[in-house]
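Trainee: Please see the structure below; I have some questions.
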Amino acid sequence: MTTRVPIVVGNWKLHKTVSESVATTDALVDLLPKRGRAEIAVAPVFTALMGVAAQLKGSRVALGAQDLHWEAKGAFTGEVGPLQLVDVGCAFVIIGHSERREYFAETDERVARKVRSALDHGLKPIVCVGESLQTREAGDAEPHVVAQVDAALQSVQPADLASLVIAYEPIWAIGTGRTASPTDAEQMHAAVRAQVQRSHGVPAGEGLRILYGGSVKPENAGELMLQPNIDGALVGGASLDAASFAAIVAAAD
Ligand code: PEP
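One point on numbering: in our numbering, the residue at position 89 of the sequence shown is 95, and numbering is uninterrupted.
Set out below in structure tokens:
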């Protein structure tokens with residue numbers, strides 16, 4: 007029986023204006039039971055962070071950002087750094103999402119720097135890893151994902167792992183309606199945990215929370231989260247609607 011606290015994170019990506027983000031937040035807070043087993047976070051666009059933070063006060067939902075720059079301040083036009091995220095009330099930050107890796111030249115090296123910076127500033131990184139369909143079909147999914155995890159955790163100490171979450175998101179399952187089967191997802195999560203136990207020690211690896219992401223919906227969330235090494239979900243599309251996100255939280259609770 008695991009003692010890991012499940013966590014469900016909504017990634018709103020480039021959706022919703024400030025007023026739409028605030029309205030979804032209000033609806034979500036109304037729908038959720040005041041208490042439950044799961045930890046919950048939502049990650050709106052940068053411009054909506056402040057508005058959403060105000061609506062989340064006193065609720066059980068934490069605030070997350072979708073990315074950060076590793077430098078705390080300086081001449082980095084267009085970037086948002088850890089100090090700004092903490093200032094606005096973020097507890098979490100998504101790092102290395104496959105969309106950033108694919109469209110914005112995010113590399114393993116940059117992911118590692120962002121992870122270290124987030125931890126140094128008291129933010130909890132949600133580190134995304136996952137393989138393409140091509141990599142899966144070539145039979146290389148596991149070594150690919152394990153290498154991404156190794157790279158992201160290279161400057162992370164065992165004690166840091168209590169404040170860090172990994173999200174396994176097979177790229178072919180993101181926004182496609184295709185979900186990894188609970189068995190396939192569990193196999194990958196177990197492989198990631200085993201690797202982290204080798205690199206950072208058994209207790210730290212055992213305590214590490216590993217989320218599944220990729221077309222998670224109310225209909226499949228329960229079965230996925232019943233797997234012993236799946237500790238929650240990173241949810242894109244289904245998090246945009248308060249009712250479907252609340253139903254996924256209910257499965258985690
Ligand atoms: C995501 O982008 O993190 C994600 C899992 O998206 P979706 O749930 O829409 O597949």
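Built from N, CA and C at the ideal position, the CB exists for glycine as well.
Which whole-angstrom value is the C-beta distance of I101 and V121, which I expect to be below 8 angstroms?
Mentor: 6 angstroms
Trainee: May I have a chain-ordered list of the beta strand (DSSP E) segments no shorter than 3 residues that lie completely inside the stretch 127-194?
Mentor: 130-135, 171-174
Trainee: At the 9 angstroms Cβ level, is A165 part of the contact set with chain D, yes or no?
Mentor: Structure shown: chain D not included; a single protein chain is present.
Trainee: Smallest Cα separation from A59: which of R41, L38, V24, D73?
Mentor: V24
Trainee: If you follow the beta strand (DSSP E) that F98 is part of, which residue opens it and which one closes it?
Mentor: 96-101
Trainee: Let's see if you can read the secondary structure: which residues bound the beta strand (DSSP E) around V14?
Mentor: 13-17
Trainee: What would DSSP say about M7, mapped onto helix, strand or coil?
Mentor: Here the model assigns M7 a pLDDT of 42, short of 50, so the residue's position is not dependable and the matter cannot be decided.
Trainee: Below 8 angstroms, can you find three or more Cβ-Cβ pairs linking the stretch 44-63 to the stretch 74-84?
Mentor: no
Trainee: With three or more C-beta pairs closer than 8 angstroms as the rule, is the stretch 195-204 touching the stretch 235-246?
Mentor: Judged by Cβ distances under 8 angstroms, the stretch 235-246 makes contact with the stretch 195-204, as three or more pairs qualify.
Trainee: Any heavy atom of ligand 3 closer than 8 angstroms to the beta-carbon of S161?
Mentor: Judged by which ligands are present, ligand 3 is missing from the structure shown, whose ligands are ligand 1.
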